[in-house]
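In the numbering used here, the protein residues as written are 143 to 494.
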């Protein structure tokens with residue numbers, strides 16, 4: 143009887159050990175193995191699935207456009223606020239225009255003078271001018287005849303010894319002057335009747351073109367005091383207030399088209415060959431856990447880079463990765479710049 147009890151105890155012990163062994167085996171193969179993977183496995187931002195899927199993470203971004211003045215000046219009007227929707231061409235801000243407006247008015251006046259001179263030259267002399275030139279010529283002829291008669295009289299008196307040599311010289315000088323004035327009057331009348339020379343008219347036309355260019359330049363400078371939205375979008379930042387001085391090249395506001403967001407992912411080299419342009423991507427964010435946003439890959443970098451610091455742990459930043467850009471339509475405006483996002487890339491291939 144004792145032997146039967148000992149055999150029963152031994153059989154019971156062996157059964158317990160078998161059960162314990164099965165439990166331990168299950169633990170190490172199942173729960174224990176999972177724990178070991180979680181504990182010691184690498185924390186990858188990109189993970190290839192078994193059904194042709196690649197998981198990755200990144201941050202939602204928008205294409206930002208800075209609206210900067212080309213000229214400096216005091217802001218006299220700022221017509222938008224942060225968060226406001228604007229359309230392409232809408233006025234954003236206006237700078238002080240007083241000085242540039244004065245330059246435009248001066249350029250317009252100079253152009254008017256140049257055009258008036260050219261019109262006079264092209265039209266030729268007026269009848270009044272021709273009459274004045276003819277009258278001046280007749281007066282010069284009378285003066286020359288008088289001077290010639292005086293010279294003949296004084297010369298005869300000089301020969302008779304009735305006048306001095308100085309009086310004779312004065313009479314000769316008066317005759318020479320009268321002859322020069324007659325010649326000038328003849329030339330003046332000829333020019334008036336013939337009109338302006340081609341070279342003079344060409345020079346006047348060039349002056350008109352220069353005045354037109356100066357006016358266009360002044361008007362262009364004036365137009366640059368009005369800042370307009372280059373594209374439709376949302377005002378992300380407003381960097382100035384009315385009365386402040388804006389400098390050339392410094393953004394007054396920053397715009398972004400929030401209807402088209404994008405997500406930049408970083409994939410390790412083994413995954414690069416599995417993705418292609420146009421591949422579909424499912425994007426999810428913490429703010430909308432039950433919502434999936436669909437996008438497509440629009441850019442795949444051909445240059446490897448070290449994993450950015452803001453994406454990976456310190457240990458993983460030494461790994462080389464390739465950047466992939468995903469365009470994500472955002473018609474409802476739910477996605478915002480800076481949101482962390484998880485993505486699943488559909489490769490169309492079966493995983494290894």
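Built from N, CA and C at the ideal position, the CB exists for glycine as well.
These numbers come from a predicted model, not from an experiment.
Tell me, please, which residues DSSP counts as bridged to residue i.
{"i": "residue 227", "result": "376"}
{"i": "residue 406", "result": "467"}
{"i": "residue 462", "result": "448"}
{"i": "residue 398", "result": "206, 376"}
{"i": "residue 368", "result": "236"}
{"i": "residue 388", "result": "215"}
What does the Cβ neighbour count give for residue i, buried or exposed, with the cut at 16 atoms within 10 Å?
{"i": "residue 432", "result": "exposed"}
{"i": "residue 317", "result": "buried"}
{"i": "residue 200", "result": "buried"}
{"i": "residue 342", "result": "exposed"}
{"i": "residue 430", "result": "exposed"}
{"i": "residue 286", "result": "buried"}
{"i": "residue 204", "result": "buried"}
{"i": "residue 419", "result": "exposed"}
{"i": "residue 462", "result": "exposed"}
{"i": "residue 470", "result": "buried"}
{"i": "residue 253", "result": "buried"}
{"i": "residue 220", "result": "buried"}
{"i": "residue 480", "result": "exposed"}
{"i": "residue 327", "result": "buried"}
{"i": "residue 251", "result": "exposed"}
{"i": "residue 379", "result": "exposed"}
{"i": "residue 489", "result": "buried"}
{"i": "residue 434", "result": "exposed"}
{"i": "residue 222", "result": "buried"}
{"i": "residue 322", "result": "exposed"}
{"i": "residue 179", "result": "At residue 179, the pLDDT of 27 sits below 50, so the modelled position is not reliable; the number obtained from the coordinates is stated separately. With fewer than 16 Cβ atoms within 10 Å of its Cβ, residue 179 is classed as exposed."}
{"i": "residue 353", "result": "buried"}
{"i": "residue 230", "result": "exposed"}
{"i": "residue 324", "result": "buried"}
{"i": "residue 360", "result": "buried"}
{"i": "residue 483", "result": "buried"}
{"i": "residue 477", "result": "buried"}
{"i": "residue 333", "result": "exposed"}
{"i": "residue 319", "result": "exposed"}
In terms of residues, what are the limits of the alpha helix (DSSP H) holding residue i?
{"i": "residue 263", "result": "240-265"}
{"i": "residue 477", "result": "It is not in any alpha helix (DSSP H) - residue 477 carries neither H nor E in the DSSP assignment."}
{"i": "residue 414", "result": "411-414"}
{"i": "residue 357", "result": "340-365"}
How would you write the range of the beta strand (DSSP E) that residue i sits in, first residue to last?
{"i": "residue 203", "result": "195-209"}
{"i": "residue 482", "result": "482-488"}
{"i": "residue 441", "result": "430-442"}
{"i": "residue 426", "result": "422-427"}
{"i": "residue 306", "result": "Taken as a continuous stretch (DSSP letters only), residue 306 belongs to no beta strand (DSSP E), as it is neither H nor E."}
{"i": "residue 220", "result": "215-220"}
Determine whether the Cβ of residue i lies closer than 8 Å to any Cβ atom of chain C.
{"i": "residue 355", "result": "The question asks about chain C, but that chain is absent: this structure has only one protein chain."}
Query raised in the report: Is the region 381-395 close to the region 200-215, with three or more CB pairs under 8 Å?
Result: yes
Query - Cβ pair count under 8 Å reaching 3, the region 370-379 against the region 440-447 - result: no
Report task. Kindly confirm or deny that the region 225-243 and the region 413-422 touch, where touching means at least three C-beta pairs closer than 8 Å. Result -> no
Query raised in the report: Is the region 338-357 touching the region 300-310, taking contact as three or more C-beta pairs under 8 Å?
Result: no
Query raised in the report: Three or more C-beta pairs closer than 8 Å, one from the region 277-296 and one from the region 249-269: is that the case here?
Result: no
Query raised in the report: Quick check: the region 314-334 against the region 359-369, are there 3 or more CB pairs under 8 Å?
Result: no
Query raised in the report: Does the region 434-442 come close enough to the region 390-399 that 3 or more CB-CB pairs lie under 8 Å?
Result: no
**Report entry** Unbroken stretches of the beta strand (DSSP E), 3 residues or longer, contained in the region 268-308
**Finding:** none
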